[in-house]
Structures are given as C-alpha cells and as structure tokens.
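The next block holds one structure in the form of structure tokens; read it before the comments.
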C-alpha cells in the first residue's frame, strides 16, 4: 500500500534533474495534486467525517445509504469517483471554515487538468517547481487540520 | 364656434389686450419670446450617476449611461453568473474579490491583469464555476505564487460561502 506523501516525493524527484522535460513537469504537477487530494480525503474522512458526510448529502440532495457510508469509510475508489470527491473535498473544507484552502485546492485541480489535458500550454521546470512547492504548502497545512 | 375665455375684441378687455401685445415681442417663427428671461436648467450635480440614466435635462433627451466594465468577463462566464441564484449578489462578490486582489497586488508591486472566465472540469461536466484569472508577467509568476495564500486570505474575507463554493482563483502567465 502506498501513502499520499509518496506521490509528493515522486513529484519532487521528477523535477530534481538538471534538465527536465515538459512531460516530466506535467507529471510532477499531476502527482503533486493527487498527493494533496489523498491527504485531504484522509484528513476529512478520519477527523471531520460528520462535516464530510453533511457536505456530500447537501450536494447530492439526499442521504447516504448505509452501503455508501461503508464505501466512504473504506475509501472505495468506485464510490469516490462516482461521487466526485475532487469537487466534494473543497466544499467540505469550505464548510469547515477553511475557505482559503478550499479555493487553493480547486486552483490546483485546475492546474492538474491543464497539465493532463491542455497540450497548448507550456509547463517549464521553473513553473513546475513553483507549483509543486505551492501544493506542498497546502498539503502540509491540510495534514495538521 | 367656441367662446374664448378672454375675448380681446371686447372693449373692456382691449386695454389689457394691447398691454399684452406691447409687452410681448415674438417675431413669427421664433420659439422663445425675447421679452422674457429664460433660465437654463443645468444637470443636477447631487444625484448619483445611476439616476441620470433616466433624468431629462432641459432640451435634452434621456442619456444612456455607458459604464466601462472594470474586469473583462467572458461570455460563457456571464451566462453562468446570470443563471445562478442571487446572481446580482454573486457577481458583486466576484467583483469585490477582484478589487481586493488588485489592491493586494498593487501593494506587493506586482503588475497584473484580472479577468473572469469559466472553470469547467473535463472529467465531470456538471462541475462548473467562475474562474478569476490573475495574469502576471513571467518573471513575477513565482513571487505571485509565494503570496498566493496571503492573497486569498485578503480577498476572500467576509465573502459569502455560496460564492466561495463557486469560484476558482488562478494565477496565470500573460
């Protein structure tokens, strides 16, 4: 089993070389985002499950079934994908009063989308380092919530 | 034939009629009698500009007040904002956030262009939000990101949670 910080270490490792190809810069941003995603998911599920469940039920406009609660507890990947936790997590952060973190999270989601889907943009090494460092800052902040 | 209320041909009224004729001096085709003083009513200065859009000053047609938009908003973003509940309030919040961002960056000596467009997630098509884009020069990109957390703290204070839940704030190179 892998831990979320390993994704962040992978992102930094990709940018460590003297010359970094653009595909490595894009991969680094993507890995860094997913380290943040998993960190936030674990923190909210373990310590703020009430807020997380309320957020899900409010957004989906219905109560979670007992099966879904078990799937949330076990972090079932199909359940997470179906519910779109990429959108639910910043909503949960906002509900918890962490508005800056919520908006930051969405920005990094947007950057990950650009890195993976928008081939027109340029992602150089320097920008990738800036972004990975910024994501790491939020990762550490979420870890101590 | 209708009877005139004041008949100038009657003897008792003739002197009055002559007086009227001598005090007025209106050559044919003239709109304004020269014997009278005319006062031009100037545009009211105390009213706010929004009231002037329907105010009619003397001899003028109603003015259409054209406001220059402060921040460029894409058509897609306009449509999205319009469809939101309490759209006016939502848009006002977005402009307030933009104003604060501009203020913060000015204090930090970072030149930026702020615009509003749309965030649409490519993997979840129903996930759409307004996106405030802070366009900075390449050399200031890293500095802007160092201040990103502080910038968000400054610009999001006391903004409604409903707005926070539907806004993305991004820094981009222009």
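Protein chains in written order, with our numbering: chain H, 1 to 145; chain C, 1001 to 1174.
Don't be surprised by glycine CBs; every beta carbon is placed ideally from N, CA and C.
So, is residue i buried or exposed, given that buried needs 16 or more other C-beta atoms within 10 angstroms?
i               : result
residue 18(H)   : exposed
residue 1075(C) : exposed
residue 1054(C) : At residue 1054(C) the pLDDT is 49, less than 50, meaning the model places this residue with poor confidence; the figure from the coordinates comes in the next sentence. So residue 1054(C) ends up on the exposed side.
residue 123(H)  : buried
residue 1124(C) : exposed
residue 1114(C) : buried
residue 75(H)   : exposed
residue 2(H)    : exposed
residue 31(H)   : buried
residue 117(H)  : exposed
residue 9(H)    : exposed
residue 1152(C) : buried
residue 107(H)  : buried
residue 105(H)  : buried
Determine which residues share a DSSP beta bridge with residue i and list them.
i               : result
residue 1135(C) : 1113(C), 1172(C)
residue 1118(C) : 1130(C)
residue 1072(C) : 1115(C)
Nearest chain A C-beta to residue i closer than 9 Å, yes or no?
i              : result
residue 106(H) : Structure shown: chain A not included; protein chains present are H and C.
Under 9 Å, Cβ to Cβ, is there at least one residue of chain C near residue i?
i              : result
residue 126(H) : yes
residue 37(H)  : no
residue 12(H)  : no
residue 103(H) : yes
residue 90(H)  : yes
residue 99(H)  : yes
residue 95(H)  : yes
residue 133(H) : yes
residue 3(H)   : no
residue 130(H) : yes
residue 87(H)  : yes
Does the Cβ-Cβ distance between residue i and residue j come in under 9 Å?
i               : j               : result
residue 1169(C) : residue 1131(C) : yes
residue 1116(C) : residue 1133(C) : yes
residue 48(H)   : residue 96(H)   : yes
residue 1099(C) : residue 1159(C) : no
residue 25(H)   : residue 36(H)   : no
residue 1104(C) : residue 1071(C) : no
Nearest chain H C-beta to residue i closer than 9 Å, yes or no?
i               : result
residue 1153(C) : yes
residue 1073(C) : no
residue 1164(C) : yes
residue 1082(C) : no
residue 1149(C) : yes
residue 1095(C) : no
residue 1167(C) : yes
residue 1076(C) : no
residue 1121(C) : yes
residue 1129(C) : yes
residue 1145(C) : yes
residue 1105(C) : no
- Message: I'd like the ranges of any alpha helix (DSSP H) spanning at least 4 consecutive residues and lying wholly in the segment 72–137 of chain H.
- Response: Along the segment 72–137 of chain H, the alpha helix (DSSP H) occurs as fully enclosed runs of 4 or more residues at 77–83, 85–95, 99–117, listed in sequence order.
- Task: Return the chain-ordered ranges of every alpha helix (DSSP H) run that is complete within the segment 1144–1172 of chain C and spans a minimum of 4 residues.
- Result: The segment 1144–1172 of chain C contains these whole alpha helix (DSSP H) runs: 1148–1156, 1161–1164.
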